[in-house]
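Just so we're aligned, residue 1 is where the sequence shown starts under full-length UniProt numbering, counting upward by one. For glycine and all other residues, C-beta sits at the position ideal for the given N, C-alpha and C. Just so you know, these numbers come straight off a predicted model, no measurement behind them.
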Amino acid sequence: MQIISYKNVIYTLLVILIWSFGWILTKVGLEHMPPFTFAALRFVIAAVLMLLISSIKYKFNHFSRKEWCIVILIGLTQTTLMFTFINIGMQNVSAGKASILIYSMPIWSAVFAYLFLQEAPKS
Numbered sequence: 001m002q003i004i005s006y007k008n009v010i011y012t013l014l015v016i017l018i019w020s021f022g023w024i025l026t027k028v029g030l031e032h033m034p035p036f037t038f039a040a041l042r043f044v045i046a047a048v049l050m051l052l053i054s055s056i057k058y059k060f061n062h063f064s065r066k067e068w069c070i071v072i073l074i075g076l077t078q079t080t081l082m083f084t085f086i087n088i089g090m091q092n093v094s095a096g097k098a099s100i101l102i103y104s105m106p107i108w109s110a111v112f113a114y115l116f117l118q119e120a121p122k123s
């Protein structure tokens with residue numbers, strides 16, 4: 001039997017608290033700036049912090065120009081664009097409803113994959 005440490009429980013609760021507080025901050029932020037601007041600002045700050053931390057903490061391997069283009073393109077389409085649409089939607093619903101809709105997405109993906117692509121869930 002594995003014993004759960006209090007330290008891991010506290011870290012888990014801290015992550016849950018910070019993650020859920022992000023939805024409230026997003027709702028507040030959208031009262032002060034447009035959805036795209038808010039998403040772009042949020043991810044520019046995150047990208048700069050991540051690059052700074054990774055260059056200090058780890059041996060930072062510099063990407064080639066082609067690799068940087070791919071990373072930036074993926075960041076803009078997969079993350080910033082997705083959160084721009086989430087921010088647009090959050091202007092019309094509460095933060096709680098938005099978080100439930102977003103985090104139930106894997107369930108809906110499985111349902112739609114089964115209905116439209118005839119993909120059966122695998123164990």
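Asked, Found
"C-beta contact flag for Trp23 and Ser99 at 7 Å", "yes"
"Inter-stretch contact at 8 Å, needing at least 3 Cβ pairs: the segment 33 to 42 / the segment 103 to 112", "no"
"Residue from Ile102, Ala95, Tyr103, Pro106 whose Cα sits closest to the Cα of Leu25", "Ala95"
"Boundaries (first-last residue) of the alpha helix (DSSP H) holding Pro35", "35 to 57"
"Cα-Cα separation between Leu73 and Val28, rounded to whole angstroms", "28 Å"
"Cβ-based burial, Asn87 [other Cβ within 10 Å; buried from 16]", "buried"
"Under the three-state DSSP convention, the category Ser99 falls into", "helix"
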